[in-house]
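A.B. asks:
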Amino acid sequence: MAEPIRSLCDELIKAVNVMMEAESSQTYRLEALKFIEDFKEKSPLCVECGLQLAEKSQTAVVRHFGLQILEHVVKFKWNDMPPQEKLQLKNCTMGLLSDGTHPILQEECHVKDALSRIVVEMIKREWPQHWPDMLKELEALTAMGDAQTELVMLVLLRLAEDVITFQTLPTQRRRDIQHTLTQNMDSIFTFLLGILQLHVNEYKKMAKAHWRVGVATLNTLAGYIDWVALVHITNDNCHLLEIFCLLLSEPELQLEAAECLLIAISRKGKLEERKPFMVLFDEVAMNYILSAAQSSGGIVERRYTFLKRLCQVLCALGSQICSLVGSDIEVQVPVNLDKYMEALFAFTTHPSQFLRSSTQMTWGNLFRHEILSKDPVVGQMAIKYLRAARINLVKTGFPSKNDCPGCEFSRVDFDSDEDFNCSFNSFRAQQGEAVRLACKIVPFEAFRIAREWVQYQICTPIDTGNTTSKTEKGVCSALSPSAVQWDAMTFFTESVFGQLFKILEKEKIPIDEGMELLQMVVHYETSDPLILSCVLTIISTLFPFVTHQPHFLPQVLFKVRFLLMFCACIQAPRTRAVKNLRRHACSSIIRICRDYSDFMLPCFDLMYEHVKRLFSNELLLTQMEKCALMEALILISNQFKDYNKQKAFLKELMAAVTAQWLSEEMKSVLLDPATFLAYVGADQVISDADTEDQMGINRSRISFCVNTILGVVKRARWPANPEEAKAGGFVVSTTSDGAPIYRNPCAEPLQALLPNLFALIRTQNSLFLPENINRLGKTFTRVYDIMDMEKNFALGIPQPLLDAYDSSAYRNIAERMQGFFSSLYDNCYHVLGNAGPCMQQDFYAIEGLAEQIVGSAFTHLDSVPDHRLRPLVYFILFYSCYSYFSAQEEDEAYEENLVTQEVVEEQLLRLVTREVMDLLSKLPLLKCFSPSFFLKDIYMTLLTICFNSLSWKDTINCQRCASMLCWTLLKQVLGCNLLPDAVTWLYTSVLKGLQMHGQHEGCNAALTQLALLIYESLRPRYTELRFIMNQIPDIHVEALEQFDQKTIQSTVSKAGEKKKKEQFKRLIAGTVGKPLGQQFKKEVHIRNLPSLFKKPKPTRDMLENTDTAGLITLFSSDHDNC
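Quick note on numbering: the sequence shown equals residues 1 to 1122 in UniProt numbering.
(1) For the putative contact between residue 118 and residue 101, defined by C-beta atoms under 8 angstroms, what is the C-beta separation to the nearest angstrom?
(2) Along the beta strand (DSSP E) that carries residue 742, what are the first and last residues, could you check?
(3) Output needed for residue 246: all residues of its chain with C-beta closer than 7 angstroms, excluding positions within five of it in sequence on either side, in chain order.
(4) Along the chain, which unbroken stretches of the alpha helix (DSSP H) at least 4 residues long are found entirely within the stretch 183 to 248?
(5) Do you know whose CA, among 816, 95, 131 and 90, lies nearest residue 780's CA?
(6) Just reading off the beta strand (DSSP E) that residue 732 is part of, what are its end residues?
(7) Look up residue 464 in the DSSP assignment and say whether it is helix, strand or coil.
(8) Return the Cβ separation of residue 1034 and residue 1070 in integer angstroms, given the expectation that the two are a contact with Cβ distance under 8 angstroms.
(9) Examine chain D for any beta-carbon lying closer than 9 angstroms to the beta-carbon of residue 717, and answer yes or no.
(10) Along the chain, where does the alpha helix (DSSP H) that runs through residue 142 open and close?
(11) With distance defined between alpha-carbon atoms, name the residue in 72, 492 and 865 nearest to residue 42.
(12) In the DSSP output, which residue or residues are listed as bridge partners for residue 331?
(13) Does DSSP put residue 487 in a helix, in a strand, or in coil?
(14) In chain order, which alpha helix (DSSP H) runs of at least 4 residues are fully inside the stretch 928 to 1011?
(15) Applying the 10 Å Cβ sphere with the 16-neighbour rule, what's the burial state of residue 732?
(16) Below 8 angstroms, how does it come out for the stretch 217 to 235 and the stretch 247 to 260: are there three or more Cβ pairs, yes or no?
(17) Beta-carbon within less than 8 angstroms of residue 19's beta-carbon, same chain only, minus the 5 sequence neighbours each way: which residues are those?
(18) Under 6 angstroms Cβ to Cβ from residue 1014, same chain only, skipping five residues before and after it: list those, please.
(19) Buried or exposed for residue 738, please, with buried defined as at least 16 other CB atoms from any protein chain shown within 10 angstroms of its CB.
(20) Where residue 345 and residue 214 are concerned, what is the direct C-alpha to C-alpha distance, given to the nearest angstrom?
(21) Do the stretch 296 to 307 and the stretch 321 to 336 touch if we need at least three Cβ pairs shorter than 8 angstroms?
(22) Please state the DSSP three-state secondary structure of residue 167.
(23) What residue from 556, 785 and 527 has the CA that sits closest to residue 541's CA?
(24) Anyone know if the C-beta pair for residue 695 and residue 679 falls short of 9 angstroms?
(25) Using a threshold of 9 angstroms, state whether the C-beta atoms of residue 947 and residue 868 are closer than that.
(26) Taking the continuous alpha helix (DSSP H) assigned at residue 855, which residues delimit it?
(27) Between which residues of its own chain and residue 961 is the CB-CB distance below 7 angstroms, once the five residues before and five after are set aside?
(28) Exposed or buried, residue 789, counting other C-beta atoms within 10 Å across all chains shown (16 or more means buried)?
(29) I'd like the span of the alpha helix (DSSP H) that includes residue 520, first residue to last.
(30) Apart from the five residues just before and just after residue 887, which ones in its own chain have a Cβ nearer than 7 angstroms to its Cβ?
(31) Quick check: residue 536 and residue 625, are their CB atoms within less than 9 angstroms of each other?
(32) For residue 142, which residues from the same chain have a beta carbon less than 7 angstroms from its beta carbon, with the 5 sequence-adjacent residues on both sides left out?
(33) Is residue 4 buried or exposed, if buried means 16 or more other CB atoms sit within 10 Å of its CB?
(34) Count the other C-beta atoms from every protein chain shown that fall within 10 angstroms of the C-beta of residue 523, then say buried if there are 16 or more, exposed otherwise.
(35) Based on Cα-Cα distance, which residue from 445, 758 and 822 lies nearest to residue 856?
(36) Alpha carbons only, please: which of 596, 511 and 610 is nearest the one belonging to residue 558?
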C-alpha cells in the first residue's frame, strides 16, 4: 500500500508544481488542475496522501496542498466516513498540531492557517457532543511550545469567526457550539489572558517568538470581544482593557491591542453594562492613550494604521461618554476629560486628512452634548478647535502634490486627486457643523477669530503661486495659495456669522465691529475673479449688519452691482471663473431681495431704474443675468401688498417678453419641429466647431422667454399675512370652512403665455422622433445626449475640480447647443410644476387644460430618452408610462451599445423608475378604501407596474415596491372578482422577484411577507396558488399540505404567526435565487448532532401524587403559598 501512495503523491506534487510555476502553459495547468480535482473527488487515498504531503520534509507549497486535501475530506466526506477513520484523522491532525510544523518563526503563515482550518472543520462537526474534551486538548497543546500556542490561537479565532461572525453552519449546530462557548467563556478568557500576560512578559525580554504568540492571542481576543457578554470584558475592574492600554506603548503589539480596544469600546448594550468603560478615563489608562496619540511617527504603514485605530478608539470613547454622562445611571464628567480631548485634538491637527476627518463627528457630539458643552474644559477646547479649523479648512494635501506634509499621507489613503477632493468636501461639511456648534459655546471668541482671519486675508497680498490661471496671467487658479486661503476663510466666516445671528440676542450682537469688518470687505479691491467671488460671499454673510445701519446699504448694492458687471467689456468667451462670479452676484442679489425684501423696498424704484438702463444695452448682461435681476425685482414687489400695483408692475416687467413670446414668428417656430430646429441652428453643418454661433441669438430669445416665465411663477406671491392679503385685494373668496382663496397678480399675464409653452413642450417631445432626428446637422447629432454633469451624477462620479475655473462655460458650438436643449427641456417642466401652486384656481380653470397637458407633455413618450423623463416625474400622471417602462426593461438585455453607454442608460432607468415609485407611494389614491369606477383602468395599470417591477434589475426599487406599494394596492381589490389568470400572474411576479433578488436580506423579507399575505388572502378562493406552490423546486409536499390546510381553515392563532412565517419561508426557499458567485459552488453539508442536554425547568403539578386533588383542597389555606 505504501508504494502506490508514494507514487500517487509524486504525481500530485508534479501537478501542484505545474500549477504554481509561472512558465507552465495554460493547457498543462488545466490538465494538472483536472487531475487534482478528480483525485480529491474520487480517490479513496485522500487521507493517506494528504498526511504524507503535509509532512515537514515537503516544501511549503506541497504541505499546504496536503492540508487542503485533508480539509476537503473533512468538509465533503466526513458524513460518509466510519467512526474509526474519523478518530484516526482527528488524532493525526492533533499530531500535526503538536509536532507537524516548523518552529514558530520559520513556519509559513499559510501553512498554519490551513492546519487550523482542518481542526475547526472537525470542531464544527463533532463538538461538543462527540468531542467533549476539545478545549482541554487545545489547552494542553499550549504547554508544548510557542508554535503550538500560536496554532491554538488560530483555531479559536477561526472557530469564533465561522460560528459568530460569518455563521457558516446550520442553525442547530451554530446554536450548540455558541451555547457551549458561552458556557465556557470564563475559562476561555482566563486562559487567553494568561497566555497573553505570559508571552508579553517574555517578549519584553527580546524573545521574538513570544511576540508572534502575543499577536496571535490578541487577534484571537479580537474575535471574541465582539460578541461575548460584556461582563467578560469588564471583569476585575476592566483589567483586560487596562492591559490593552499598556500594550499601546509596545511598538510590536500596539496595533493589535488598539484593535481589541476599539472592538471592546464600540460594543453596544445597556448603559449599566457600559459604565465600567469609564475606567479608561482614569489617570494611568488616559496617560497611555495620550502618549500614544501624541507620539510622532513617519509614514510607516503599520504605525499609520495604528494611529487610525487609536483615533477610532478615541472616537468610540467619545460616543460612550456622550451616552453615559447625563444618563439615568449618574455618570459624572471624567476628571481627565482634558487629557482625552488633548489626545483627540492631536489627531485633529495631524497632517493626515483621514485622521482629521475621523474626529469631526466626535467633536460635534461633544459640543452638542447638553452637559459636556457647558464644562469649562470643553469651552477652552472649543477655542483651540476653532483656531485649528483655520488650518484644516485650507484645501491642501493633494496626493499629486508635495506642498505640505499631508500629501504623503494622502498618497496612502487616496487613489487620485478627485478622491481626495470628494473626501475633503465631506470633511469640510462636517467641520462646518462642528464650527457652528463651537460658536454656541464661545460665540464672542468665534467672532474674534473669524474677524482676525478676514482682516488678515484682506491685508495679505495675493499669491498666485505656481498654479496661475492658464487663460489669464496674474490671476489665481482654484489651487493657488491665496485662492485656497480665501476659500477656507470664506467658509469659516459663513459658518461663524451664520450661527452668531441665530443664537445672539439683538442687543449682544457686536454691530460696530461687524460693520467695520463689512466696510473693509466692501472697500477691498482686486481684479481676481476667484477672490472676488469669496468677497461676494462674505458680503452676503455680513449683510444682516446692514439692517442695523441702513445708510450703508447703497455702498453694498454698488459693490454687488459692480461684481455683476465684472468684465462686461470683455468679449466672450469668458472664463468659467468670470461667469461664476457674475452668476454669484446674481444669486446674491436674489438672496438679499428674498431674505430682506421689506428692508429693500425703499430702494425698489432706484433698482428698477438701474435695471432698465442695464437692459437697454444688450452687451452688458446675459439673458440669465437679466432673468436674475427680474426675479430680484419681483421678490421686492411682493412687499407692495397691493394687488393692482403689483399686477401693473408685472405686466410692465414682462411686456417685452410677452410681445416676443406671442409674436407670429415665435408661434410658427414653437409649433413646428422642423422650423424650430432651423431657427435654433441645429439643422446646420458647421465644419469648424469653434466658429462664431450665428443662431445663438435665436436660442437666447427662447431661453430668455422661458426663464422669465419660470422666474415669475417661482417668485410672484401674495402676502403671507391673511389680513394684509385681504386688505391688498389678493383674496377673491373663501372656502366652505372659511379659509381664504388667493389670487396671484401674475396669473393674468401668464395665462396668455401658456398656450405657446404647451406648443414648445409638444415640439420638444417631437424632436426625438426619427424623422426629426434625421433633420439634425452632422455637427449636432449628439445634442440630445445626456450632459456630462448629469451622467456623472447618475454614476456617482465626482465632478472634475482642478482646472474647471479656467475653461470657458461651453467649449464649442455643439456643447452650447446641447446645454440649450437640456436646460430648455427642464425649465419648461419647472414652469408647469410651479404653475399650479403659483396661479392656483386661475391655472386649473384654464379651458381644456387636461387636453393641453396630455397633448404636449405626454406626446411621443415612447421616443423620449430616459434622462428626459426625470423632469416629468414630479408633475406627470403615470398612466402613459407603463408601456414604456415595461418595454425598456424587457429590451434592456438586447441593447448593443458601448459598455459605458449601457451603464449610464441602465442607471438612469433605475433612477427614473425609483422616482416613479416614490411618486406612486405619495399618491392620495393609495389612501382610498377602494378604487373609484372611473379610475379602474388606471388602478389596474398601477398594480401591473408595481408587481412587474419586482423582478426588474434594481434591488432598491424591488424592496420599496414590495414593502410600500404592492400590498397597499392589492388589498383594496381583494373583494373584487379577480380573474384566476390575474391572481396567478400576481403571485408568480412575487416569486420571480424572489428568484431575482431573494439573496438580498431586505428584499427577501419584504417579498416573503408579500407572498404570504397574498397566499393567505387568496388561497381559499383560488386553487391556482396551490398549483404554483407545487412547482417550486425542492418543496416538501407534506409540509405544503399541512400549511395549505391551515391556511384554508384559518386556524393559526396570533401566537403562531412567527412559526407560520418560518414555515412559509422554508416552503418557498426553492425560489430564492443565488448570487452568481454561489451558483456553481459545491455545497457543504454539516449534520446536526443529538441535542445538548438542558436541565428542565422545575414544575409543580398539584394534581400529581396526591390523594386530595379536589377543588376544595386546591383552594384550601394549605395551598395559599403555591
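For glycine and all other residues, C-beta sits at the position ideal for the given N, C-alpha and C.
C.D. replies: Concretely, from the data shown:
(1) Contact doesn't hold; Cβ gap of about 13 angstroms is too wide.
(2) 740 to 742
(3) 288
(4) 185 to 203, 208 to 225 and 230 to 247
(5) 816
(6) 731 to 734
(7) coil
(8) 4 angstroms
(9) Note that chain D does not occur in the displayed structure, where there is just one protein chain.
(10) Premise fails: residue 142 is in no alpha helix (DSSP H) and is neither H nor E.
(11) 72
(12) 325
(13) helix
(14) 936 to 948, 955 to 960, 966 to 970 and 980 to 997
(15) exposed
(16) yes
(17) 29, 32, 33 and 36
(18) 987
(19) exposed
(20) 31 angstroms
(21) no
(22) coil
(23) 556
(24) yes
(25) no
(26) Neither: residue 855 is in no alpha helix (DSSP H) and is coded neither H nor E.
(27) 917, 946, 949 and 950
(28) exposed
(29) 511 to 522
(30) Below a pLDDT of 50, predicted positions are generally treated as unreliable, and residue 887, at 39, falls in that range; the measurement from the model is reported next regardless. Closer than 7 angstroms at Cβ, skipping near neighbours: no residue.
(31) no
(32) 148, 149, 152 and 195
(33) exposed
(34) exposed
(35) 758
(36) 610
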